């Protein structure tokens, strides 16, 4: 049972408070969605959870290990991270780029290239047919899926993804979110996803963390966090419900 | 699409090329010596004009050609991989400039009259001083800080070198300085090899440890960090890249002068053959750089009867057309 915990973390950059006393956790088998308006601190919190940055105060714990003092190679095998901005890779094949994910396990060359996890991840992300294509010629959406594929190749118990569906069409967005849900519910992984699409957040996340101005405004089940008054207050938009899913409808007057 | 598998034997072929060029470089020169006889005399311990030319002139010159060319190629590949910038070359860190300034100071102060070793030692001291300054400037900063610090240091050392040239009293000394700055392996001895070797070996070893991190960096700094690679700080990849490049290039420039284009063009030419994977480019770039410099040095020796062509000039003349071709091909491929 894996548990990633951010305990009372704060972060300032250039004198500006990015995160203020944030406490949240994610457990094995759950998909947690980080939502909130632009500049709310979602990506910064995700970077702290990934151990890429140390907080000014507070601590990050993964199964009682402090991330700040844990060896980098151990952390790399426990937490796989997908950044918001996907760097266009050099003219290597799609499979080569995916196989770079195995570097977290110290594997490279043909060992990584032929690793079963790489084939499995290519298949899961719908890229197996494109495995020999040059990665630098992929479309933005395909690149995002390749980034996800590389993350899955790490085979870590914790998956952190920053806006993984921002560049995807609805079909692929659903496919990717289903993948995260399956990773959590079937494979027992702990998943944190930064999302802007409230409908996807409501549909696929087990819990939502709503952030505003560097602090957590609400935390809990999607139906509670996406209450109309709360969404209206945080995003300054009105919503309409399609079934149980809230859809942003108009700017607040 | 080159998958990268095809790059596996490249190091072997290039090393074999260097082996052949090594033999050619020992045989070929201004004075014709009976090669086989000279080798037999060396093995028998006899001292003849042939053995003196072979042992004291051509062997150190050829070994330096391999070392300097190899280091320039390797450091070009390492820096381009680390900075993810195909324009990065060993001169970008300002360490070559520091070595050149150190050597120019030796010319200016006339220390060269005291000992011939003063010149490479001056270069080495200049290179190490530049490394120390670079480290202090960069600290925990990232790639951008490193690039800016290197550019600042390069500009500063170039200005001081120009100032020294400006102040030098004798036109002959000025000519000597200009000549040295163009780079050459002529008349180098085993003392030069001994001065160059420790820094070149240690620096190259440091650079060769960065392969996997360079692969991870093709996906960006955040992803590389998330995969367990520590990039900045005293134990980070950047420190190994900077210290390795600086030690190796500084040691080489101190004995050979500034030889341009090898570090820029060799990784470019070989990159496609290694599947664009930075870790697979390191050794081939070493051997490719060594081969290019040995070829250039042999061409320099062919023109020795006329006005002497400097090695740095020739590498730029040979490297530029190859580079032009590469640029056109990359444009056509849409890379």
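Residue numbers (the UniProt record's numbering), protein chains in the order written: chain A, 1 to 253; chain B, 1 to 335.
Virtual Cβ for every residue (Gly too), placed ideally from N, Cα, C.
Just so it is clear, the structure is predicted and the values come from calculations on it, not from any experiment.
Under 9 Å by beta carbon: chain B residues contacting residue i
{"i": "residue 130 of chain A", "result": "In chain order: nothing, as chain B lies at least about 11 Å away."}
{"i": "residue 241 of chain A", "result": "Chain B residues near residue 241 of chain A: none, gap ~37 Å exceeds 9 Å."}
Identity of the residue in the options nearest residue i by Cα
{"i": "residue 161 of chain B", "options": "B:117, B:150, B:105, B:123", "result": "B:105"}
{"i": "residue 16 of chain A", "options": "A:177, A:158, A:140, A:40", "result": "A:40"}
{"i": "residue 246 of chain A", "options": "A:215, A:219, A:196, A:253", "result": "A:196"}
{"i": "residue 119 of chain A", "options": "A:138, A:99, A:133, A:104", "result": "A:99"}
{"i": "residue 190 of chain A", "options": "A:211, A:146, A:18, A:24", "result": "A:24"}
{"i": "residue 126 of chain B", "options": "B:73, B:88, B:257", "result": "B:257"}
{"i": "residue 289 of chain B", "options": "B:264, B:133, B:309", "result": "B:264"}
{"i": "residue 178 of chain B", "options": "B:214, B:204, B:188, B:100", "result": "B:100"}
{"i": "residue 186 of chain A", "options": "A:31, A:3, A:19, A:11", "result": "A:31"}
{"i": "residue 102 of chain A", "options": "A:216, A:22, A:73, A:238", "result": "A:73"}
{"i": "residue 89 of chain B", "options": "B:236, B:75, B:97", "result": "B:75"}
{"i": "residue 285 of chain B", "options": "B:230, B:275, B:268, B:26", "result": "B:268"}
{"i": "residue 62 of chain B", "options": "B:28, B:45, B:243", "result": "B:28"}
{"i": "residue 278 of chain B", "options": "B:154, B:157, B:207, B:202", "result": "B:207"}
{"i": "residue 34 of chain A", "options": "A:48, A:205, A:194", "result": "A:194"}
{"i": "residue 271 of chain B", "options": "B:230, B:43, B:330", "result": "B:330"}
{"i": "residue 223 of chain A", "options": "A:233, A:203, A:216, A:217", "result": "A:203"}
{"i": "residue 244 of chain A", "options": "A:233, A:232, A:199, A:238", "result": "A:199"}
{"i": "residue 175 of chain A", "options": "A:76, A:121, A:116", "result": "A:121"}
Nearest-angstrom Cα separation, counted from residue j out to residue i
{"i": "residue 59 of chain A", "j": "residue 169 of chain A", "result": "37 Å"}
{"i": "residue 301 of chain B", "j": "residue 280 of chain B", "result": "33 Å"}
{"i": "residue 175 of chain B", "j": "residue 283 of chain B", "result": "37 Å"}
{"i": "residue 246 of chain B", "j": "residue 112 of chain B", "result": "24 Å"}
{"i": "residue 339 of chain B", "j": "residue 137 of chain A", "result": "There is no way to answer for residue 339 of chain B, as the model of chain B reaches only from 1 to 335."}
{"i": "residue 233 of chain B", "j": "residue 93 of chain B", "result": "17 Å"}
{"i": "residue 168 of chain B", "j": "residue 253 of chain B", "result": "21 Å"}
{"i": "residue 172 of chain B", "j": "residue 196 of chain B", "result": "27 Å"}
{"i": "residue 249 of chain A", "j": "residue 240 of chain A", "result": "6 Å"}
{"i": "residue 361 of chain B", "j": "residue 120 of chain B", "result": "Summary: the structure shown does not reach residue 361 of chain B, with chain B confined to residues 1 through 335, and so no result is reported for it."}
{"i": "residue 179 of chain A", "j": "residue 321 of chain B", "result": "50 Å"}
{"i": "residue 38 of chain A", "j": "residue 217 of chain B", "result": "27 Å"}
{"i": "residue 106 of chain A", "j": "residue 17 of chain B", "result": "32 Å"}
{"i": "residue 124 of chain B", "j": "residue 53 of chain A", "result": "38 Å"}
{"i": "residue 107 of chain B", "j": "residue 19 of chain B", "result": "35 Å"}
{"i": "residue 57 of chain B", "j": "residue 25 of chain B", "result": "11 Å"}
{"i": "residue 134 of chain A", "j": "residue 276 of chain B", "result": "11 Å"}
{"i": "residue 69 of chain B", "j": "residue 292 of chain B", "result": "7 Å"}
{"i": "residue 11 of chain A", "j": "residue 21 of chain A", "result": "9 Å"}
{"i": "residue 117 of chain B", "j": "residue 192 of chain B", "result": "8 Å"}
{"i": "residue 262 of chain B", "j": "residue 315 of chain B", "result": "7 Å"}
{"i": "residue 94 of chain A", "j": "residue 266 of chain B", "result": "26 Å"}
{"i": "residue 50 of chain A", "j": "residue 160 of chain A", "result": "7 Å"}
{"i": "residue 158 of chain A", "j": "residue 219 of chain A", "result": "20 Å"}
{"i": "residue 8 of chain A", "j": "residue 19 of chain A", "result": "10 Å"}
{"i": "residue 2 of chain A", "j": "residue 182 of chain A", "result": "16 Å"}
{"i": "residue 128 of chain B", "j": "residue 5 of chain A", "result": "46 Å"}
{"i": "residue 57 of chain A", "j": "residue 287 of chain B", "result": "50 Å"}
{"i": "residue 54 of chain B", "j": "residue 10 of chain B", "result": "30 Å"}
Bridge partners - residue i, DSSP secondary structure assignment
{"i": "residue 79 of chain A", "result": "A:158"}
{"i": "residue 66 of chain A", "result": "A:61"}
{"i": "residue 3 of chain A", "result": "A:27"}
{"i": "residue 246 of chain A", "result": "A:241"}
{"i": "residue 211 of chain A", "result": "A:216"}
{"i": "residue 185 of chain A", "result": "Bridge partners of residue 185 of chain A: none, in fact."}
{"i": "residue 46 of chain B", "result": "In DSSP, residue 46 of chain B forms no bridge with anything."}
{"i": "residue 12 of chain A", "result": "A:17"}
Any non-hydrogen atom of the ligand GDP closer than 6 Å to residue i Cβ
{"i": "residue 16 of chain B", "result": "As far as ligands go, the structure on display features none, and thus does not contain the ligand GDP."}
Residue i: contacting residues in chain A (beta-carbon distance under 7 Å)
{"i": "residue 227 of chain B", "result": "76, 103, 104"}
{"i": "residue 326 of chain B", "result": "Going along chain A, no residue has its Cβ under 7 Å from residue 326 of chain B, so there is no contact; the nearest lies around 14 Å."}
{"i": "residue 212 of chain B", "result": "103, 108"}
{"i": "residue 215 of chain B", "result": "100, 103, 108"}
Chain-ordered neighbours of residue i on chain B, where CB pairs are closer than 7 Å
{"i": "residue 193 of chain A", "result": "By Cβ distance, chain B contributes nothing, its closest Cβ being about 15 Å from residue 193 of chain A, past 7 Å."}
{"i": "residue 52 of chain A", "result": "222, 225, 226"}
Contact set between residue i and chain A, taken where Cβ atoms lie within less than 9 Å
{"i": "residue 218 of chain B", "result": "87, 89, 90, 92, 97, 100"}
{"i": "residue 230 of chain B", "result": "72"}
Where residue i meets chain B, residues with beta-carbon distance less than 8 Å
{"i": "residue 150 of chain A", "result": "219, 223"}
{"i": "residue 81 of chain A", "result": "222, 223, 226"}
Jot down the residue ranges of each uninterrupted alpha helix (DSSP H) in the stretch 119 to 170 of chain B, minimum 4 residues, whole runs only, in chain order.
-> Taking only runs of at least 4 residues, the alpha helix (DSSP H) segments lying wholly in the stretch 119 to 170 of chain B are 143 to 167.
At 4 residues or longer, and completely inside the stretch 91 to 161 of chain A: list those alpha helix (DSSP H) runs for me, N to C.
-> 94 to 99, 109 to 113, 116 to 124, 140 to 154
Alpha helix (DSSP H) runs wholly inside the stretch 50 to 104 of chain B, at least 4 long, in chain order | As far as the stretch 50 to 104 of chain B is concerned, its whole alpha helix (DSSP H) runs of at least 4 residues are 59 to 83.
Starting from the N-terminal side, write out each stretch of the alpha helix (DSSP H) that is 4 residues or longer and does not extend beyond the stretch 247 to 327 of chain B.
-> 262 to 271, 278 to 302
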